[in-house]
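Notes to accompany the following structure.
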Amino acid sequence: GHFFRLRENIVFVENSPWRLSLYVEVVVIGLVFLIPNRVAFTVWFVTLLSWFTQAVMSSYNLRLRDEGVFGSEMNHLALGGTIVFVASSLWLSRAHLRRALRCALGRGEREYDRGEPSSYRTAFLVVVVGCVVGVVWLAVMGLGVVHSLALMFITLAVYYAMARVVAQCGLPMLSPPVYPHHFMATVFGPGSFGSRGAAVLGSHMGWQFDMRNSVMSGSGHGMYLVRRRRGGLFWAMLLGLVVSYVAACACAVWMGYEHGASNMDPWFYGNFPRLPWLWARG
1 GHFFRLRENI VFVENSPWRL SLYVEVVVIG LVFLIPNRVA FTVWFVTLLS
51 WFTQAVMSSY NLRLRDEGVF GSEMNHLALG GTIVFVASSL WLSRAHLRRA
101 LRCALGRGER EYDRGEPSSY RTAFLVVVVG CVVGVVWLAV MGLGVVHSLA
151 LMFITLAVYY AMARVVAQCG LPMLSPPVYP HHFMATVFGP GSFGSRGAAV
201 LGSHMGWQFD MRNSVMSGSG HGMYLVRRRR GGLFWAMLLG LVVSYVAACA
251 CAVWMGYEHG ASNMDPWFYG NFPRLPWLWA RG
């Protein structure tokens, strides 16, 4: 048995529309102890505001449902805040970005990337080539050029926000408030994609689900902690990424055939593989 429960649900107010429940979780308390006080207060304060918003909406018989990985109205509001956060961050760093772009294009500022893990020209080319390949691939699969550009933009914005929050706050795990394909369906409407486009958006869930699908957060932590030989660490990370990807795919396929994937973890081998197609169908 267990000496104590790791999660306890405490109900302060039971009657609607002011129902309030509090989850006391030991793991979360330990993590919050390590993050900055301003961040911890902001999380608590925004959660309190969202609770008041739901209470006011409920008094008018309007519900803001939480549908988990399928998204909800409150999550879309949070994604709007994420976009504002990314836009304001880029605006505040516009001077640095301008100098970095000039350095990448070879128009002065040639020594500006000294001490960085890679040259700004290499980083710029990787970002541009990666985005072009991603947009072309999505368009060929049947999503459409405009929708592909919008999907790539919102995905990069979500990745940037998660990477910065994790690197600055020390959070070990983070998921976006709304996954990009949910945002696309809300903005453009499900009927604008067609059956092929909906299938492409559903399969998009496999590589933008949460922080575990992005190497930006972990690599940001590593680069922040290392002060010397950052260039060597960058290439070591790339090598580790390739090796771990190949090993993980081979191991997952082998274990699935050897032991039966349905007999393994129900989330990774059962529920999650069905989510993209359930979303596209519904």
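With the first letter of the sequence shown counted as 1, position 165 gets the number 165 in the UniProt record's numbering; the numbers rise by one all the way through. Glycine residues also receive a C-beta, built at the ideal position from the N, C-alpha and C atoms. Computed from a predicted structure; not experimentally measured.
TODO: Specify the secondary structure class of residue 62 as computed by DSSP and reduced to three states.
DONE: Within the sequence shown, residue 62 is the residue found at index 62, counting from 1. Reduced to three states, the DSSP call for residue 62 is coil.
Task: residue 82 versus residue 257: straight-line alpha-carbon distance, rounded - done: Translated into the one-based positions of the sequence shown, residue 82 becomes position 82. Translated into the one-based positions of the sequence shown, residue 257 becomes position 257. Distance between the alpha carbons of residue 82 and residue 257: 41 Å.
Open item on the list: Output needed for residue 199: all residues of its chain with C-beta closer than 7 Å, excluding positions within five of it in sequence on either side, in chain order.
Closed with: Locating residue 199 in the sequence shown gives position 199, counting from the first residue. Hits under 7 Å: 280.
TODO: Taking only runs that begin and end inside the region 73–133, name each unbroken beta strand (DSSP E) of 3 or more residues, in chain order.
DONE: Contiguous beta strand (DSSP E) elements confined to the region 73–133 do not occur, taking only those with 3 or more residues.
- [ ] Note the first and the last residue of the continuous alpha helix (DSSP H) segment covering residue 267.
- [x] Counting from one through the sequence shown, the residue named residue 267 turns up at place 267. No alpha helix (DSSP H) contains residue 267, which DSSP labels as neither H nor E.
Task: Segment limits, alpha helix (DSSP H) that includes residue 205 - done: Start at 1 with the first residue of the sequence shown, and residue 205 comes out as number 205. For residue 205, there is no enclosing alpha helix (DSSP H), as DSSP marks it with neither H nor E.
Open item on the list: I need the DSSP call for residue 260, collapsed to helix, strand or coil.
Closed with: Residue 260 sits at position 260 when you count from the first residue of the sequence shown. Per DSSP, reduced to three states, the secondary structure at residue 260 is coil, with no helix or strand assignment.
- [ ] Starting from residue 148, trace the alpha helix (DSSP H) both ways and give me its first and last residue.
- [x] The count along the sequence shown starts at 1 and reaches residue 148 at position 148. Following the DSSP letters along the chain, one finds residue 148 inside the alpha helix (DSSP H) bounded by residues 145–169.
Task: C-alpha gap between residue 203 and residue 38, whole angstroms - done: Translated into positions along the sequence shown, residue 203 becomes position 203. Translated into positions along the sequence shown, residue 38 becomes position 38. Distance between the alpha carbons of residue 203 and residue 38 is about 37 Å.
Open item on the list: Just checking residue 99 against the ligand ZN - is the residue's beta carbon closer than 7 Å to any of the ligand's heavy atoms?
Closed with: No copy of the ligand ZN occurs in the structure displayed, which carries no ligand at all.
Task: Whole-angstrom distance between residue 180 and residue 159, CA atom to CA atom - done: As a first step, residue 159 must be located in the sequence shown, where it is residue number 159. As a first step, residue 180 must be located in the sequence shown, where it is residue number 180. Straight-line Cα distance between these residues: approximately 10 Å.
Open item on the list: Taking 8 Å as the cut-off, does the region 139–154 touch the region 114–122 (at least 3 CB pairs, one atom from each stretch)?
Closed with: No, because fewer than three Cβ pairs between the region 114–122 and the region 139–154 fall closer than 8 Å, the two stretches do not touch.
Open item on the list: I need the straight-line Cα distance from residue 219 to residue 43, nearest angstrom please.
Closed with: The count along the sequence shown starts at 1 and reaches residue 219 at position 219. The count along the sequence shown starts at 1 and reaches residue 43 at position 43. Whole-angstrom Cα-Cα distance: 24 Å.
- [ ] Drop a sphere of 10 angstroms on the beta-carbon of residue 75, count the other beta-carbons inside from all chains shown, and report buried for 16 or more, exposed for fewer.
- [x] For the purposes of this step, residue 75 is taken as the residue at position 75 of the sequence shown. By the 10 Å Cβ count, residue 75 comes out buried.
Open item on the list: Please report the straight-line C-alpha distance between residue 190 and residue 182, rounded to a whole angstrom.
Closed with: On the sequence shown, residue 190 is found 190 positions in, with the first residue counted as 1. On the sequence shown, residue 182 is found 182 positions in, with the first residue counted as 1. Going from the Cα of residue 190 to the Cα of residue 182 covers about 10 Å.
Open item on the list: Quick check on this structure: which residue in 177, 116, 197, 51 has the alpha carbon closest to the alpha carbon of residue 140?
Closed with: On the sequence shown, position 140 is the one that residue 140 refers to. Minimum Cα distance to residue 140 is reached at 197.
Task: C-alpha gap between residue 143 and residue 154, whole angstroms - done: The sequence position of residue 143 within the sequence shown is 143, counting from 1. The sequence position of residue 154 within the sequence shown is 154, counting from 1. Residue 143 and residue 154: Cα-Cα distance of roughly 15 Å.
Open item on the list: Check this for me: beta carbons of residue 90 and residue 79, under 8 Å apart or not?
Closed with: Against the sequence shown, residue 90 aligns to sequence position 90. Against the sequence shown, residue 79 aligns to sequence position 79. It is not a contact, given that the beta carbons lie outside the stated cut-off.
TODO: Let me know if residue 234 comes out buried or exposed under the rule of 16 or more other beta-carbons within 10 Å of its beta-carbon.
DONE: Residue mapping note: residue 234 aligns to position 234 of the sequence shown, counting from 1. The residue is buried, with at least 16 neighbouring Cβ atoms inside 10 Å.
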